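S.K.: Heads up: the protein sequence lines correspond to chains C and L, in order.
Numbers given in the numbering used here equal positions in the first sequence, counted from 1, plus 32.
Numbers given in the numbering used here equal positions in the second sequence, counted from 1, plus 2.
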Amino acid sequence: MKGMIISVASGKGGTGKTTIATNLAVPLSEKAQLLDCDVEQPNAHLFLNPTFTHSVKVTVPVPHVDEKKCNLCGKCAEICQFKAIVVIGKSVLTFPDMCHSCGGCVEVCPEKAITERGREVGLIERGYADGLDFVHGRLRVGEAMSPPLIKKLRTYQDTSKATIIDAPPGTSCPVIAAMKGTDFVLLVTEPTPFGLYDLKLAAGAVRILGIPCGIIINRSDLGDNRVKEFADEEGIPVLLEIPFDRRIAEIYSRGELIVEVMPEWKERFLGLYESITRIANRD
Amino acid sequence: MKELVIVSGKGGTGKTTVVASFAGLARNKVVCDADVDAADLHLILAPEVEHRHDFVSGHKAVIIQDKCSQCGLCRDLCRRDAIDAHYVVDSLECEGCGVCYYFCPEKAIEFPDNKCGEWFISSTRFGPMVHARLGIAEENSGKLVTLVRQEAKKIAEKRQFGLILTDGPPGVGCPVIACIGGASAALIVAEPTVSGRHDMERVIQLANHFKVPCLLCINKYDLNPAETDALESLAKSEGIPIVGKLPFDLTFTRAMVQGKTVLELGGDSNGAKAVREAWSSLSQALGL
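1. Note down the Cα distance separating C/E261 from C/R172, rounded to an integer number of angstroms.
2. State the Cα-Cα distance for the pair L/R54 and L/G119, rounded to the nearest angstrom.
3. For C/D256, does the three-state DSSP call read helix, strand or coil?
4. Ends of the beta strand (DSSP E) at L/Q152?
5. Any residues in the stretch 96-125 of chain L with a beta carbon nearer than 8 Å to a beta carbon of chain D? Which ones, in chain order?
6. Buried or exposed: L/M258, going by 16 or more other Cβ atoms within 10 Å of its Cβ?
7. With a threshold of 7 Å between beta-carbons, can C/Q113 be considered close to chain L, or not?
8. So which residues on chain L does C/H132 lean against when the C-beta distance must stay under 8 Å?
9. Give every residue of the same chain whose Cβ lies closer than 6 Å to the Cβ of C/M33, excluding the five residues on either side of it in the sequence, and list them in chain order.
10. What is the DSSP secondary structure of L/L79, counted as helix, strand or coil?
11. Just reading off the alpha helix (DSSP H) that L/K90 is part of, what are its end residues?
12. At 4 residues or longer, what runs of the alpha helix (DSSP H) sit wholly inside the stretch 215-277 of chain L?
13. Between the beta-carbon of L/V9 and the beta-carbon of L/I206, is there less than 7 Å?
14. Could you have a look at L/T126 and say whether DSSP puts it in helix, strand or coil?
15. Consider the Cβ of C/I37: report whether some Cβ of chain L lies at a distance smaller than 7 Å.
16. Hey, quick one: how far does the beta strand (DSSP E) through C/I117 stretch, first residue to last?
17. If you compare alpha carbons, which of C/D68, C/G136, C/A210, C/V259 is closest to C/V220?
18. For chain C, check one thing: does any of its Cβ atoms lie closer than 7 Å to the Cβ of L/G26?
19. Please tell me whether L/I65 has its Cβ less than 7 Å away from any Cβ of chain C.
20. Please list, in chain order, the residues of the stretch 121-152 of chain C that have any C-beta partner in chain L closer than 9 Å.
21. Given this structure, state the Cα-to-Cα distance separating L/I66 from L/E108, to the nearest angstrom.
22. Comparing the C-beta of C/T224 with each C-beta of chain L, is any distance below 7 Å?
23. Quick check on L/I166: does DSSP put it in helix, strand or coil?
24. Can you find a C-beta in chain C that's less than 7 Å from the C-beta of L/K62?
25. Would you please state the rounded distance, in angstroms, between the beta carbons of L/G170 and L/K17? I believe it to be under 8 Å.
26. Would the stretch 226-243 of chain L and the stretch 254-269 of chain L be scored as touching if the rule is three or more Cβ pairs under 8 Å?
27. Kindly indicate which three-state DSSP category L/G198 falls into: helix, strand or coil?
28. Between the C-alpha atoms of L/F250 and C/I283, what's the straight-line distance to the nearest angstrom?
29. Along the chain, where does the beta strand (DSSP E) containing C/I37 start, and where does it finish?
30. Are L/L6 and L/L225 close, meaning C-beta to C-beta below 7 Å?
31. Alpha carbon to alpha carbon, how far is C/R149 from C/G236? Give it in angstroms, no decimals.
32. If you measure from the beta carbon of C/G213 to each beta carbon in chain L, is any gap under 7 Å?
33. Please name the residues in the stretch 165-186 of chain C whose beta-carbon is closer than 8 Å to at least one beta-carbon of chain L, in chain order.
34. Step through the CB atoms of chain L and report whether any lies within less than 7 Å of the CB of C/M33.
35. Which chain L residues sit within Cβ distance under 8 Å of C/P82?
36. Run through chain L and tell me which residues come within less than 8 Å of C/K44, C-beta to C-beta.
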């Protein structure tokens, strides 16, 4: 049977995505895999302390021009939409940071003067935390483009297991790269105006992708009722509410897991997984 | 003129809450919301939009079915696999590289400009504000960040204001890079958690890379004293001045729910006092 892929997203940062992703994955242990796709700021490993056994640099192809073959025709600069290659005087300059690796310059060059070389965008590390299969990506600091690294990370999905994806915040291209093709999206929010506004954006992104989703309200008693009203109006189920508890905030601050320090939460997270399975299979 | 950008690395540490409060304290400034992907500052500052503009950036490919001979060249060339078997372009995948458009032998592909958001010049009870809304699932957030920063600068120059207060995005990727480059200083709002510290380390590295000096404000400092110590040591070892330490105070949340700053709702609260102290040290550090 194909394992389910659940992405955990939020719109707003700091609502508890990593808390949900880690506490959902750990009780499932060897039946699950956790992919931390928040490659700009990966944090899940801080809670799992995995032993990494595999580490690989991820590169994207960027042009390299053989000046001996180049006749300075400028076709490469003409096709490039990202100003990553230009002809100035008697030389061709490339700007690898601007390159989107579309390969257009290579294709268009009549002299076959352009080949591609790898530019490092980050690192993927894989290991186990007890029985849990864990993979994360770390974007090189100074690198702007995270989607290629997230897409590479997604190729590590093990279809025999339940895959849980910790997505980055926001609603733009990195989030889409993390959520696309998943079977269910858990939207983690808080019942404040910021939480609600960003939840609406995230729900909009999920709708575009056509994925079933559910809401988790974190610090559910600190704020107002508008997130629940929104969930009702949209017909999105609220699958879990976590009231504010200073103990939980402190457990998180120390890099510990709620399911390990407060065992009563283990059943709740297993129950959450059951609810998701039921909804995803029904849809 | 100084531009202070507020960043955090980790999301949800209180950037926007801090910016909104400072906006109420700073004089002669422009407020800029550069978190274009999930902009929240308007929920507190309630801007009245005076000028609204489309943000057009890049292109998207569109295949005209009547002209398409289904030769398959575009599908072979597209590295994003953005063209399906029915020759329809998936606009979520299309990055606008234009390779299909350039090579299509039937000239069946159009390449229109892409409207990917809107940006606004507004007035607020705390002065002028520049902000934006990136379309859902859109790209080019870095360019929109650059644009709102430039527009804020124009207003500051025109009105001879000495400060731009810029609310930054989380992370260390494209929008943060666009937000931090060339700023006078980056104020990092960090929380005393292991994640907060990890993410602060990465955002410091980024600021160092772009040679932008950092300042630190610790939010919810009383949540975990050991982690607060760790943040302070990290700041010390990096030569980063600590301008403020804000307590965990529910007045912040209550104020947000009412669309107010902590100073407007609970001027006597511990949170408000700490915000005023932070602003005072920050003004000194920036030479305002």
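Heads up, the beta-carbon is just placed ideally off N, CA and C, and yes, glycines get one too.
Given the structure is predicted, the values throughout are model-derived calculations rather than measurements.
M.R.: Straight from the coordinates:
1. Taking the straight line joining both Cα atoms gives about 41 Å.
2. Taking the straight line joining both Cα atoms gives about 11 Å.
3. Coil, per DSSP.
4. Secondary structure note for L/Q152: it is in no beta strand (DSSP E), and the uninterrupted alpha helix (DSSP H) holding it is 143-160.
5. The chain labelled as chain D is not found among the protein chains of the depicted structure, namely C and L.
6. The residue in question, L/M258, is buried, as its Cβ has 16 or more Cβ neighbours within 10 Å.
7. At least one chain L Cβ lies under 7 Å of C/Q113.
8. At a beta-carbon threshold of 8 Å, the residues of chain L lying near C/H132 are E97, C99, ordered along the chain.
9. Caution applies to C/M33, whose pLDDT of 49 falls short of 50 and renders its modelled position unreliable; the value that the coordinates give is listed next. If we look at C/M33 and ignore the five residues flanking it on each side, it has no Cβ neighbours.
10. L/L79: helix per DSSP, three-state reduction.
11. Strictly speaking, residue 90 of chain L in this sequence is Val, with Lys absent from that position. Boundaries cannot be given for L/V90, as no alpha helix (DSSP H) includes it and DSSP labels it neither H nor E.
12. The stretch 215-277 of chain L contains these whole alpha helix (DSSP H) runs: 227-239, 252-259, 264-267.
13. Not closer than 7 Å, so no.
14. Note: L/T126 maps to strand in three-state DSSP.
15. Not one chain L Cβ lies under 7 Å of C/I37.
16. Annotation for C/I117: the continuous beta strand (DSSP E) segment containing it runs 117-120.
17. Put simply, of C/D68, C/G136, C/A210, C/V259 the residue whose alpha carbon is nearest the alpha carbon of C/V220 is C/V259.
18. Output row for L/G26: interface = no.
19. It does not; no Cβ of chain C falls within 7 Å.
20. Going along the stretch 121-152 of chain C in chain order, one finds H132, S133, C134, G135, G136, E139, V140 with a Cβ nearer than 9 Å to chain L.
21. Roughly 10 Å between the two C-alpha positions.
22. Yes, because at least one Cβ of chain L sits closer than 7 Å to the Cβ of C/T224.
23. Here L/I166 sits in strand by DSSP.
24. So, not an interface residue.
25. Correct: roughly 7 Å between the Cβ atoms.
26. Counting Cβ pairs under 8 Å, fewer than three are found: no touch.
27. In the structure shown, L/G198 adopts helical secondary structure according to DSSP, grouped into three states.
28. C-alpha separation (whole angstroms): 16 Å.
29. That run of the beta strand (DSSP E) goes 37-41.
30. Going by C-beta atoms, L/L6 is not nearer than 7 Å to L/L225.
31. For C/G236 and C/R149, the distance between alpha carbons rounds to 38 Å.
32. No, because no Cβ of chain L sits closer than 7 Å to the Cβ of C/G213.
33. Contact annotation: in the stretch 165-186 of chain C, residues whose CB is within less than 8 Å of a CB in chain L are L171, V173, G174, E175, A176, M177, S178.
34. Only weak support is given to the placement of C/M33: the predicted model assigns it a pLDDT of 49, under 50, and the value that follows is read from those uncertain coordinates. C/M33 has a beta carbon lying at 7 Å or more from every beta carbon in chain L.
35. In chain L, no part has a C-beta under 8 Å from the C-beta of C/P82; the shortest such distance is about 15 Å.
36. Per Cβ cutoff of 8 Å: G13, G14, A40, D42.
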